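Participant: Residue numbers (the numbering used here), protein chains in the order written: chain A, 484 to 586; chain B, 9 to 332; chain C, 10 to 496; chain D, 5 to 94; chain E, -19 to 79.
Ideal placement from N, C-alpha and C gives every residue a C-beta, glycine not left out.
Remember, it's a predicted structure, so these values are computed and weren't measured experimentally.
The structure is given below, and queries will be raised subsequently.
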Amino acid sequence: MSMLFFYALIGVGLFTLGLLALVVQPHLLQKILALNVMGSGVFLLLVALGGRSQPVVDVVPQAMVITGIVVAVSATAMALTLMLNLSRSSPGAQLPEDQSADS
Amino acid sequence: MEAVGLWQSAFDLMLGFSLFGLAWRMLFCADLFKSIVLFITFGLLMAIAWVRLEAPDVALAEATIGAGLTGALLMSAFAKLRTLDNSLKSGQPLLPRPRLHVINFWIALLFTVLLTGGLAYAVLSLPSHSPGLSDAVMSQLDSSGVTHPVTAVLLNFRGYDTLLEMAVLLLSIQSVWSMAGMSDAGEVHTSPVLNVLIQLLSPVLILVSAYLLWVGAHAPGGAFQAGSILGAAGVLLVLSGRPLFNLKKSWLIRLMLVAGPAAFIALATLTLINEGQLLKYPVANAANYILLLETLATVSIGTTLLALFVGSQTEAVQQDQSHQ
Amino acid sequence: MGAQLIQVDWAVVLIMLPLSAAMLGFLLPGMARNIGLLAALLILFTVVGLGWQLTQTGVYSHVAGGWLAPLGIQLHADGFSLLMLATSAIVGVAVSIYSTGYFKAADDQRFWPTWLLLWAALNALFLAADVFNLYVTLELLGLSAVTLASLTGSKDSVSAAMRYLLSTLLGSLAFLLGIGLLYHQYGSVDIAILSERVNDSTVSWAALGLITAGLALKTALFPFHFWLPPAHASAPAPVSALLSALVVKASFYILLRLWLGLFDFQQDSTVANMLGILGATAVLWGSIQALRQIRLKMLVAYSTVAQIGYLFLAFPLAQTGGNRVWYAVAYLMLSHALAKAAMFLVAGNMMLFGGHDRIVNLDRVVQRLPVTVAAFGLAGVSIMGLPPSGGFIAKWLLLEAALAQGHWGIAGIMMLGGILAAAYVFKVLGYAFIPSPVPHQAVSVPARMQWMALLLATLAIMAGFVAQPLMQLIGIGALFDSTGSMP
Amino acid sequence: MQNLYIILALFLLLNLLAGMWRILKGPAAADRMLASQLFGTTAVAILLLLAQIESLMALRDVALVFALLAAITAIAFVRRNWPQEPDDAG
Amino acid sequence: MMLADILTIILLLGGAFFFLAGTIGLLRFPDVYTRLHALTKADNVGLGLIVTGLAIQAQSWAAAGKLILIWLLVLLAGAGVSYLIANGALARGVAFWKR
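This is the structure in structure tokens:
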């Protein structure tokens, strides 16, 4: 079932794409989205490769991913809270090192 | 049957590339609002992907949390951000471009491409067939107390992970409250149509939550999905402008937040004393224990997600700390 | 009685106790402080119990849920776990007592439940024998650490916490991807099972890279240290002490355990050497930056970057140096934790006393806070690696290995790092004696805050006197002996 | 029949992707929300078709959840983003 | 092929057609209000036809009932949200399209 590997590769792609965005995008909301995309990539890889055990799919990675999704939403809520706190004190919702002088 | 396989492959290819393309457009566009809408769409497609990967439990979790609640969280946070940041008020905010030097950008890109290649190579080197733990799960399923394998893993085989996970949820609300202060989400004006909508939706949401909780023992569903639906019901009520409850004062809310983790710890202690191992259920009682844990976990997860939604929106308290 | 006590699952209690206390503190915010203090003392007591159990019966393991690996999750306690649990307990109790003087009562409900959850995460992490379980504890640890780092709510601390959060989440995701690959190749997440199965394969190498990178980011190894100084410096002092002493060590602990258990398939020393080079750079860069800092807390934070570098110097040495090097590393983790916690507590005292922590304006603080300055001096001795401190023992063992193997570069770096450490410690001590034109606010510092700093610093020195029995304790389970020495 | 289901699912997916143009293009925020609303419905239809293909009725629960939660982000958008505009007193 | 199957095929194809129409409306119509109009009507009818088509194939009345319930929920949410979006757009002064 080569489609499983295709999904796993898409997972890898999402992970690295998210990593790139996390590094280069200045706005914190974009960084938070990037981390969520990276997480989805890892989850996709985990679950897709669990499908290699035919006829019964391996559910252990699925359970892990459900755990991971809950952790991700908790972390996202925390990150958004921090972001809003930060943008109250300095406009732009960016980390100091990403703040450009010209804008 | 051959043709079906072919069309399914076409569907999978289309879906996979769309996911990647969506992520790309979401992460590299200059309009935050567009990014958020794309993120919600991304969640929809992820849920369809989980279905294709025979992971309906994950699809349920993604549909409620990934696409639903995270979307609402992002949407609300963006709204708040706009009130704080004048540059975003003008409808079409133009974000600053990446400030990286062009050369640095290309280095980052090159690194990303190399990393992608390396990881892809590693993934493709995996054996095309691997049993994983499916045999172990299936052979012990009978003594787990439930017939749905995902629930068996989450609540029994790897119940200790779930215990710690409940601690993560408790931490998240403790964290949001300590960072942002607590407040009550009370919006004054309501809209009649919205009210009708919510009056009709909320009972269905609560029913579906209960249904998913119950069905989790033998079919996709369970505490996380049921809890997040419950949380979504609460979020809808808050959004409709109902003064739902006084989060700061209510002891009851704290109790609901703690109920899930407390049940896990109480049961872990009980089983440690009685059975000698934490969260080792006697086979005869396993089903009841799991149902108890799931019910309380559902309450806690729902309350936590709602409180996270409300809490992350509120003003930070830094100095005032007015305590009674 | 003794026979009964030996059966008690002390290790499990170590996880359940702080978790229960955190929930109680969350439910009853008004009593959070008392609940927390009680829990801290009980944890210390429980660690003693576990230590006694380990000396009597050897390695302890627990089958959570009654399901054996690979289906279930195992807990595992050996000498190395015990060392880290004990370090956390000692630092934790001292910081807990210190924090009663530092935080206003109003902050209690923000500090205590989070700190108890962090403590639970640390204990669970040191006892985990399952890589996915490690992932969950890492997330619990990272998120609670970020929450604590943001407690002051100042602009600096919020942006530092944000950077910290992004870094720690990135590290966790890399770790998770790594263990995901391992699971799909080898069909288990149990460390013991994996260590039997992992061999030299593409997937192993990818996992090695992802896990090492993720954990190095969380441990703040140069050049991934960027998040650490602002986060540790802008957090409240007791929190800084916890972060520097314990939290960064936790991810290093995982790295070391997986390195010895899983990643011993790699016979050539490229990765080890690379980690060594990064460690060496961290020693130099961290020390020089520490020397250049204006604020005391930034200086102490950069000193952490440098001291973490020493931990990584061990990787190339261990390739041929065998187990002594890992004992040295374990010892360094202990003595650095004690000394660095003491230093941050000192910085907190000085900030409370003077209203600032600018080094040049310390203004004869020695006359007003003699105990605090003494604590800084003693902690400094251990950080510099002078005898008879615990830091000396650890660094001497490392240096010995470096010299014996002809790693002149590493030996030179270690010496240079020691000299730089002496320079920044004496810089602070010097200004503590010199009058400054800027007067202090001169707020009185509660005695317990001063004595807790001194207690930790003294323990860091004392660690130098009990090397032999301590090494024996660390050796329970022979983690380092069995795998560390490759000819 | 199986062929028809999967082809229709694929067709709906393509539909959804075509609709993406509206999200990218806008111009107003309302347009984007609108498109996202359509995607929710489309996803429900796709899920129902997939449920039929795999004879896995649990997938209908996923569709049910989608149907329930399709509204939540849109409501969050309307309630949180618009009322706070200064020009929106009425 | 049975009569039920033929009916299903017709209904499903009809549903797909309405989805297509909805998408074309979304893409081609000139302003928010017209797009709303095209989209909600079309996709609700589209889903309705698909649901009916699948309900014919359902094994039990309960399964068919669940399908209908899903459709009703989507109708409800769609109607409510469309109203909210249109109302919001009006209040915010999103311009009408004039020929």
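Taking buried to mean at least 16 other C-beta atoms within 10 Å of its own C-beta, is B:H226 buried or exposed?
Facilitator: With fewer than 16 other Cβ atoms within 10 Å, it is exposed.
Participant: List the residues of chain A that B:I73 touches, going by C-beta distances under 9 angstroms, in chain order.
Facilitator: Chain A residues near B:I73: I552, V553, A555, V556.
Participant: For D:L4, would you say it is in contact with chain E, using Cβ-to-Cβ distances shorter than 7 angstroms as the test?
Facilitator: Residue 4 of chain D falls outside the range modelled here, since chain D spans only 5 to 94, and no answer is possible.
Participant: State the CB to CB distance for the pair C:L178 and A:A491, rounded to an integer number of angstroms; the pair is presumed to be in contact (CB under 8 angstroms).
Facilitator: At roughly 22 angstroms, the Cβ-Cβ gap does not stay under 8 angstroms, so C:L178 and A:A491 are not in contact.
Participant: With a threshold of 16 other CB atoms inside 10 Å of the CB of B:D39, please say whether the residue is buried or exposed.
Facilitator: Buried, by the Cβ-count rule.
Participant: Compile a chain-ordered list of the residues in the segment 104 to 134 of chain B whose CB is closer than 9 angstroms to at least one CB of chain E.
Facilitator: Here the close residues number zero.
Participant: Taking the alpha carbon of B:I273 as the reference point, which residue from B:G51, B:A175, B:T91 has its own alpha carbon closest?
Facilitator: The option with the nearest alpha carbon to B:I273 is B:A175.
Participant: Measure the CB-CB distance between C:G295 and C:A315 and report whether it falls below 7 angstroms.
Facilitator: Cβ atoms of C:G295 and C:A315: closer than 7 angstroms.
Participant: So is A:P509 in contact with chain C if we call contact Cβ pairs under 7 angstroms?
Facilitator: Taking Cβ atoms only, chain C never reaches closer than 7 angstroms to A:P509, which makes this a no.
Participant: Since E:L29 and E:G(-6) are thought to touch, with beta carbons under 8 angstroms apart, how far apart are those beta carbons, to the nearest angstrom?
Facilitator: Rounded, the Cβ-Cβ distance is 5 angstroms, consistent with contact.
Participant: In the DSSP output, which residue or residues are listed as bridge partners for C:V72?
Facilitator: According to DSSP, which records beta bridges pairwise, C:V72 is partnered with C:Q83.
Participant: Using a Cβ-Cβ cutoff of less than 7 angstroms, which residues in the same chain neighbour B:S330 once the five nearest sequence positions on both sides are dropped?
Facilitator: Annotation note: pLDDT 33 at B:S330 (below 50); position unreliable, no value reported.
Participant: Classify C:L453 as buried or exposed, calling it buried when 16 or more other Cβ atoms lie within 10 Å of its own Cβ.
Facilitator: Note that residue 453 of chain C corresponds to Ser in the displayed sequence, not to Leu. Flag for C:S453 reads exposed.
Participant: Is the CB-CB distance between D:T77 and B:A80 below 7 angstroms?
Facilitator: Result yes, Cβ atoms of D:T77 and B:A80 sit closer than 7 angstroms.
Participant: What residues in its chain sit with their C-beta under 6 angstroms from that of C:D87, if we drop five residues either side in the sequence?
Facilitator: So the qualifying residues of the chain are V68, I485, G486, L488.
Participant: Are the segment 184 to 193 of chain C and the segment 17 to 34 of chain B touching, with three or more C-beta to C-beta distances below 8 angstroms?
Facilitator: Output reads no: the segment 17 to 34 of chain B does not touch the segment 184 to 193 of chain C.
Participant: Pairs of beta-carbons, one from the segment 103 to 113 of chain C and one from the segment 271 to 289 of chain C, closer than 8 angstroms: are there three or more?
Facilitator: Because the criterion of three Cβ pairs below 8 angstroms is not met, the segment 103 to 113 of chain C and the segment 271 to 289 of chain C do not touch.
Participant: What residue from A:V543, A:Q577, A:N568, A:V554 has the CA that sits closest to B:N164's CA?
Facilitator: With distances taken between Cα atoms, B:N164 lies closest to A:V543.
Participant: To the nearest angstrom, report how far apart B:A315 and B:I181 are at their CA atoms.
Facilitator: One C-alpha to the other measures close to 7 angstroms.
Participant: Hey, C:A472 and C:L284 are a contact pair by Cβ (cut 8 angstroms); roughly how many whole angstroms apart?
Facilitator: The Cβ separation is near 25 angstroms, so there is no contact.
Participant: Which residues in chain A sit within 7 angstroms of B:M54, going by Cβ to Cβ distance?
Facilitator: Ordered by position in chain A, the residues that pass the 7 angstroms Cβ test against B:M54 are S523.
Participant: B:P228 versus chain D: which residues are under 7 angstroms apart at the beta carbon?
Facilitator: Neighbours of B:P228 on chain D, chain order: A62, D65.
Participant: Could I get the ranges of all uninterrupted alpha helix (DSSP H) runs contained in the segment 209 to 290 of chain C, with 4 residues as the minimum, in chain order?
Facilitator: DSSP runs (the alpha helix (DSSP H)) wholly in the segment 209 to 290 of chain C: 211 to 228, 237 to 243, 246 to 251, 257 to 270.
Participant: Out of C:A20, C:Q62, C:M359, C:A384, which has the shortest C-alpha to C-alpha gap to C:A451?
Facilitator: With distances taken between Cα atoms, C:A451 lies closest to C:M359.
Participant: Say whether chain B places a C-beta atom closer than 7 angstroms to the C-beta of E:Y63.
Facilitator: Yes, E:Y63 counts as interfacial toward chain B.
Participant: Nearest to C:I428 by CA position, among C:M352, C:S312, C:A411, is which residue?
Facilitator: Checked all of C:M352, C:S312, C:A411; the closest Cα to C:I428 is C:S312.
Participant: In three-state DSSP terms, what is A:H510?
Facilitator: The answer is strand: DSSP assigns A:H510 an E or B state.
Participant: At a cut-off of 6 angstroms, would you count C:F141 as near the ligand ADP, judging by its Cβ distance to the nearest heavy atom?
Facilitator: For the ligand ADP, the structure offers nothing, since it holds no ligand at all.
Participant: Compute the distance between the beta-carbons of E:F(-2) and D:L16, then report whether it is under 7 angstroms.
Facilitator: Contact: no.
Participant: So, does the CB of B:D192 fall closer than 7 angstroms to a CB anywhere in chain D?
Facilitator: Residue confidence for B:D192 is low, a pLDDT of 40 falling below 50, so the modelled location carries little weight; the figure read from the coordinates is stated next. No - not a single Cβ of chain D is within 7 angstroms of the one on B:D192.
Participant: Against D:G23, what residues of chain E qualify as contacts under a CB-to-CB distance less than 8 angstroms, listed in chain order?
Facilitator: Chain E residues near D:G23: T3, L6, L7.
Participant: When you compare each of A:K514, A:S485, A:A517 to A:G532 by their alpha carbons, which one comes out closest?
Facilitator: Correcting the residue type first, residue 532 of chain A is Leu in the shown sequence and not Gly. Here the closest residue by C-alpha is A:S485.
Participant: Residues bridged to A:Q577 by DSSP?
Facilitator: A:Q577 pairs with A:H510.
Participant: Per DSSP, C:R367 is paired with what?
Facilitator: Paired residue(s): C:R304.
Participant: Kindly indicate which residue of C:G331, C:M171, C:L157, C:Q194 has the alpha-carbon position closest to the one of C:S249.
Facilitator: Here the closest residue by C-alpha is C:L157.
Participant: Step through the CB atoms of chain B and report whether any lies within less than 7 angstroms of the CB of C:A73.
Facilitator: So yes, C:A73 belongs to the interface.
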